[in-house]
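The structure appears below as C-alpha cells.
Protein chains: 2
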Amino acid sequence: MGTAQEEDFYKQADGGVCAAQGFTANGIHCGLYPDPEKNDLGLIFSETECNAAAVYTTNKVKGAPILVTKKHLAQTGGRARAVVVNSRNANTCNADGEEKAQKMCELAAAALEIAPEQVLVASTGVIGQPLPIEPIAEHIRLLAEGLDAGNHAAAARAIMTTDTFPKETAVCFPLGGKNCTIGGMAKGSGMIHPNMATTLNFITTDAALSAEMLQKALSEIVKVTYNCLSIDGDTSTNDMVSLMANGLAGNDEITGEGSDYEIFKQGLYLVMMRLTRMLAKDGEGASKLLECTCKGAPDKETAIIVAKSVIRSPLLKCAMFGEDANWGRILCAIGYADAEFDIGRVSVELASAKGAIAVCRNGSGVAFSEEKAKEILGEDEIFIRIDLHQGDADATAWGCDLTYDYVKINGDYRS
Amino acid sequence: MGTAQEEDFYKQADGGVCAAQGFTANGIHCGLYPDPEKNDLGLIFSETECNAAAVYTTNKVKGAPILVTKKHLAQTGGRARAVVVNSRNANTCNADGEEKAQKMCELAAAALEIAPEQVLVASTGVIGQPLPIEPIAEHIRLLAEGLDAGNHAAAARAIMTTDTFPKETAVCFPLGGKNCTIGGMAKGSGMIHPNMATTLNFITTDAALSAEMLQKALSEIVKVTYNCLSIDGDTSTNDMVSLMANGLAGNDEITGEGSDYEIFKQGLYLVMMRLTRMLAKDGEGASKLLECTCKGAPDKETAIIVAKSVIRSPLLKCAMFGEDANWGRILCAIGYADAEFDIGRVSVELASAKGAIAVCRNGSGVAFSEEKAKEILGEDEIFIRIDLHQGDADATAWGCDLTYDYVKINGDYRS
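Chain order of the listed sequences is A and B.
For the first sequence, position 4 matches number -9 in the numbering used here, and the numbering has no gaps at all.
For the second sequence, position 84 matches number 71 in the numbering used here, and the numbering has no gaps at all.
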C-alpha cells in the first residue's frame, strides 16, 4: 500500500468523493430496485466548474450513457459540473438508450440550474431492458436538494449492484504550497438480472490542472490500476472512470509535466490503486484478494502482461481458493503470457501476513514446507511475487480467487 | 457433425488409433498411479515406418517430452514408428526431464527393436515432480508384447487423467481409388496433483502423404479444431498433437495440394473435430457442451476470434450452467473480441435439440419466450449461433459451462 515515506506525504482522508473542497453528493432510492432500502440514484456536484477527463470501456458494445458523456465532454471542451448515475439498469442495447441518457442529464441540469452538457451520466445493471425514466424524473429534485458533503457514502451506495460493501477513499497532500485532496468512489463486479461486471469510478479533486493534463494523468494511472484488475476476464459494456478537478485548492494550474504533475499523479495512483484493491477484494464470490507483482522485467509492458496473465488464470484462482501452493499453475500462466522473455530465469514467491516462501527458482520448482505454504495461503490477502530476473521494470495486478459463490452468483437464473 | 452428403462419403469407423491398417496399440498399469485399475502407460506402433507431423503447445514452459519429440522428428526428417506415453506425471520443470523422456524412447525402442529416434514421447499429469522411470522400465516389454489392433481402447485409457471417459474416433473414405482410414485418440482437461489441463492427441492414418503435406494438413486443421477449444483459457505446458501416416492404404502419395489433399484434410477435420467436441463435453466439471458458430464474418480470422471470445467468457459459461438465456453476456463477449467489425449488425440465436430462438438482432435484444429459452437450455448440447452479417467467413468454437464442480476439482488441495 505504499512506502512509509509516501504515507507521510500522502495522508489518508475521509469523505470519499466529497473529500476535496467544493464537492457535494447524494444518493437515494428512486424505485429502480424493488427494495426500498437500496439506493439506486446518485449525484455528484461541484460548486464551481471543473476540468474533466474520462476513460471508457474498450468493448464495441457501449452503454448509451457513455456515448452521451463523451458527447458532452466534446461539446464543453472537457468541462463539467456534475455526474448523475443510476444502478439496476445499464441502459445498454436499448433503441431509446441515448435519448434516455440525455434525458437524465437534462433532469439533473434543471434541478441543479446548470447546462445539460455540464452533466456526465453513467448507468450500471441489466442490459437490454428499457430504462424507466419516470422514477428518476420524480426524484431528481429530492436528490439535488439533499446534496451535501456529508452524503458521500449515500452516493457510494447508490452505485452498488452485487457489491457487498461501498468503496470510497481519499488522500490529501501538499501541491504547490497548497493542501490538495483527491477522493473517489467505485463500484465493482456486480450483477443483477442480465448484468455485467461493470466498473464505475468517479474521482474528484480540488487541485488545478488543465483538462489536457487531467486526461493524461487519468489515462496513465488507469493503465496501471483498473486495467490491471481482473475478476473474470470479461470486459463490461459500461465501464467508465471520470475525473473532475475544480481547482479550489488554489495551486498554480498544472499545464505541463514536471514535479507538480508527478506529485498529483502519485496521489491519483494511490486513490485508484486503493479502489482497485477494494474492487478485487469484492470480486463476485471472492474469498481472497490476490495481488501479483512482476519485477525484473525487460519493460513495463512485459511486467503488466505477465502479472495480468497470472491473476487471470482460472486454474490458479481455484488453487488459491483451495489454499494450495500449486506453483506449476503460476509458471504455466507466466509461460503463456504474450510477451518475450526467458522463462528459465523466473523465480516465484508466495506471501501473506503469515510470511513468504520461495516455490520456484530458475524456472524449476524448489522444495518448500507444505505446512508453511498452507499457513500463508490461509490468509485473505495473498501476494504472488514473480521476478523475471531480466530487467528493471515492474508492475502489479489485482484479482481474486474463483469460488463456488462466483458460479452461484452468475449461474442463478435472472428472475 | 457434418452434412448428410459428407456422412455418406466419410464413414464412421471403429478401432480408434488402430482403425487404420498396420497400427497396433496397448495400454497397461505400470504403477505411476497408485490405483492398479488405472492404466498409466500407453504405446502406439506402426508395422512400417510412417511420415509424421506434430504440433506443440505455445507455452514458453514446455514439457521435456515435447523437446525430445521435436528433436527426434528433426533427426529423422519427419519419420517415426511409435509413440510412448504416460499419464500421472507431466515430466515438466524437472532438471532431469529430458534425460528421462529420452530414456522412455530408448526403452520403447529396445522393446520394439527400432531406433530411439523413431519413437515420439508424451507425458501428462503432475508438474515439477521427478518422473519415476523404474515402473516404466519394468513394464515396457509387457506393454510391447501386448500390442494388438484390438487394444486401442486400453491405450486410450492409459492417457486419461481426470477425463471421465476415453476419447476415440475414426473415419474411412475413398482416396485415389483406395479405402483410407484416419483414427485418433485424445485426452482432455484433466488434473491430478499440481496438474495442467493438458490436451494430448494421437492421430494415425494409412493414407500416403509426404511429411511436408502431413504437417501442412495438421497445422491447418489444428487451427480450426483444437485451437478453437476452450475449457478455461489456460494453455498447458504439455499439449501435443501428432499425426503418423504409414501409407499402407496404397494411394498415390500426396505430395502437393489438389483434390486428394482436400479429401484427406476434410477426413482429418472430422476426426479432430469429433475429438474436440468430446474434449469440450468432458471439460472439468462440465455439465453442458457449448458449440458457438460465427458466420457472416469479413474473414476467417475474425470468425474464429469472435467464436472463441464467446466460448471463453466465464459469465456466459455460468449463465449456461444456470440455463439462463442471458444474451447480454454473449453480446458483451462479441463486443470485446479483438477484431474489427460493426457490432450494430450482429444477430444471435440460441439452439439445442429442443429448437432455436432469436435473442438479438442488429445488436439489440428481441422479445422471446423465456419458457421456450429455458426448455432449449435444459439440453446438454447448446448451440450459440452468431451472424455478423458482414461477410462470408465462418468458424466454430467449442467449450463447456462453468460449474461448481470445476471449482471443486481445481480448488481441492493436491494431496
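Ideal Cβ placement from N, Cα and C applies to all residues, glycine included.
All of these numbers come straight from a predicted model, not from anything done at the bench.
Give me the residue from B:LYS57, B:GLU34 and B:VAL71 with the minimum Cα distance to GLY14 of chain B. For the residues B:LYS57, B:GLU34 and B:VAL71, the minimum Cα distance to GLY14 of chain B belongs to B:VAL71.
Any residues in the stretch 289 to 316 of chain A with a beta carbon nearer than 9 Å to a beta carbon of chain B? Which ones, in chain order? Within the stretch 289 to 316 of chain A, the residues whose Cβ lies closer than 9 Å to some Cβ of chain B are ARG299, SER300, PRO301, LEU302, LEU303, LYS304, CYS305, ALA306, MET307, PHE308, GLY309, GLU310, ASP311, ALA312, ASN313, TRP314, GLY315 and ARG316, listed in chain order.
For the beta strand (DSSP E) containing TYR(-3) of chain B, name the first residue and the last one. Neither: TYR(-3) of chain B is in no beta strand (DSSP E) and is coded neither H nor E.
Which word fits GLU288 of chain B, buried or exposed, when buried means at least 16 other C-beta atoms lie within 10 angstroms of its C-beta? By the neighbour-count rule (16 or more Cβ atoms within 10 Å), GLU288 of chain B is not buried but exposed.
Strictly under 8 Å for the Cβ-Cβ distance: is ALA184 of chain B near chain A by that measure? Here the model assigns ALA184 of chain B a pLDDT of 49, short of 50, so the residue's position is not dependable, and the following value carries that caveat. Interface residue, yes.
Per the DSSP calculation, GLU278 of chain B is bridged to which residue(s)? According to DSSP, which records beta bridges pairwise, GLU278 of chain B is partnered with B:PHE370 and B:TRP385.
Looking at the structure shown, is VAL211 of chain A part of a helix, part of a strand, or coil, going by DSSP? Note: VAL211 of chain A maps to helix in three-state DSSP.
Beta-carbon proximity list for MET183 of chain B, same chain, < 7 Å, skipping 5 on both sides: Low confidence applies to MET183 of chain B: its pLDDT is 41, below 50, so where it sits in the model is not reliable enough to give any reading.
For GLY254 of chain A and ILE101 of chain A, the rounded distance between their alpha carbons: When rounded, the distance between both Cα atoms is 30 Å.
Grab me the residues of THR280 of chain A's own chain with a C-beta within less than 6 Å of its C-beta, minus the 5 sequence neighbours each way, in chain order. If we look at THR280 of chain A and ignore the five residues flanking it on each side, its Cβ neighbours are ARG372 and THR383.
Mind pulling the chain B residues with CB within less than 7 Å of LYS47 of chain A? GLY322 and ILE330, listed in chain order.
Does the CB of CYS279 of chain B have a neighbour CB from chain A at under 8 Å? Judged by the 8 Å Cβ criterion, CYS279 of chain B is not in contact with chain A.
Beta-carbon within less than 6 Å of ASP135 of chain B's beta-carbon, same chain only, minus the 5 sequence neighbours each way: which residues are those? Contacts found: THR11.
Out of A:MET260, A:LEU302 and A:GLY9, which one is the CA nearest neighbour of ASP392 of chain B? Out of A:MET260, A:LEU302 and A:GLY9, A:LEU302 has the C-alpha closest to the C-alpha of ASP392 of chain B.
DSSP on MET172 of chain A, reduced to helix/strand/coil? Note: MET172 of chain A maps to strand in three-state DSSP.
Does DSSP put GLY234 of chain A in a helix, in a strand, or in coil? Note: GLY234 of chain A maps to coil in three-state DSSP.
Using only the alpha-carbon positions, how far apart do LYS174 of chain B and ILE292 of chain A sit? Answer to the nearest angstrom: the Cα atoms are 30 Å apart.
Looking at the structure shown, is GLU93 of chain B part of a helix, part of a strand, or coil, going by DSSP? Note: GLU93 of chain B maps to helix in three-state DSSP.
Going by alpha carbons, who is nearest to ASP(-5) of chain B out of B:LEU257, B:GLU121, B:GLU86 and B:THR242? If we check each option's Cα against that of ASP(-5) of chain B, B:LEU257 comes out closest.
How would you label ALA88 of chain A, buried or exposed, when you count the other beta carbons within 10 angstroms and need 16 or more for buried? By the 16-neighbour rule on beta-carbons within 10 angstroms, ALA88 of chain A is buried.
For SER351 of chain A, go through chain B and note every residue whose CB falls closer than 8 Å to its CB, in chain order. In chain order, CYS80, ASN81, ALA82 and GLY115 make up the part of chain B whose C-beta sits under 8 Å from the C-beta of SER351 of chain A.
Sub-8 Å separation of LYS395 of chain A and GLY272 of chain A beta-carbons: For LYS395 of chain A and GLY272 of chain A, yes; Cβs fall inside 8 Å.
For ILE190 of chain A, which of A:GLU244, A:LEU30 and A:GLU24 has the nearest alpha-carbon? Of the candidates A:GLU244, A:LEU30 and A:GLU24, the one whose C-alpha sits nearest the C-alpha of ILE190 of chain A is A:LEU30.
For HIS126 of chain B, which residues of its own chain have a beta-carbon under 7 Å away from its beta-carbon, when the five flanking residues on both sides are left out? Cβ contact annotation for HIS126 of chain B (same chain, cutoff 7 Å, sequence separation greater than five): ILE15, CYS17 and LEU28, in chain order.
At a Cβ threshold of 8 Å, is GLY283 of chain B touching chain A? The Cβ of GLY283 of chain B sits no closer than 8 Å to any Cβ of chain A.
If you reduce the DSSP assignment to three classes, tell me which class HIS180 of chain A lands in. Confidence at HIS180 of chain A is low in this model, with a pLDDT of 31, below 50, so its placement is unreliable and the value that follows should be read with caution. Three-state DSSP puts HIS180 of chain A in coil, outside helix and strand.
If you compare alpha carbons, which of B:ASN397, B:ALA0 and B:ASN349 is closest to PHE160 of chain B? Selected option, being the one with the closest Cα: B:ALA0.
Which residue spans inside the stretch 283 to 344 of chain A form an unbroken alpha helix (DSSP H) run of at least 4? DSSP runs (the alpha helix (DSSP H)) wholly in the stretch 283 to 344 of chain A: 287 to 299, 301 to 308 and 314 to 322.
CB contact below 8 Å: ASN397 of chain A versus chain B: At least one chain B Cβ lies under 8 Å of ASN397 of chain A.
Any chain B beta carbon closer than 8 Å to CYS387 of chain A: Not one chain B Cβ lies under 8 Å of CYS387 of chain A.
Alpha helix (DSSP H) containing TYR256 of chain A: first to last residue? Start and end: 246 to 268.
If you follow the alpha helix (DSSP H) that PHE122 of chain B is part of, which residue opens it and which one closes it? The sequence given here has Pro at residue 122 of chain B, not Phe. Here the alpha helix (DSSP H) through PRO122 of chain B covers 121 to 132.
Considering only residues of the same chain and omitting the five flanking positions on each side of VAL353 of chain B, which have a CB-CB separation below 7 Å? For VAL353 of chain B, where only same-chain residues beyond five positions count, the Cβ hits under 7 Å are ALA345, VAL346 and CYS347.
Assuming LEU262 of chain B and ASP193 of chain B are in contact, meaning their beta carbons sit under 8 Å apart, how far apart are those beta carbons, in whole angstroms? Contact check for LEU262 of chain B and ASP193 of chain B: beta-carbon distance about 18 Å, past the 8 Å limit, so the pair fails to qualify.
Sequence-distant residues of the same chain with beta carbon closer than 8 Å to GLU310 of chain B, five excluded per side: Closer than 8 Å at Cβ, skipping near neighbours: LYS361, LEU364 and GLY365.
Given this structure, state the Cα-to-Cα distance separating ALA25 of chain B from ALA284 of chain A, to the nearest angstrom. Sequence check: residue 25 of chain B is Lys here, not Ala. Distance between the alpha carbons of LYS25 of chain B and ALA284 of chain A is about 43 Å.
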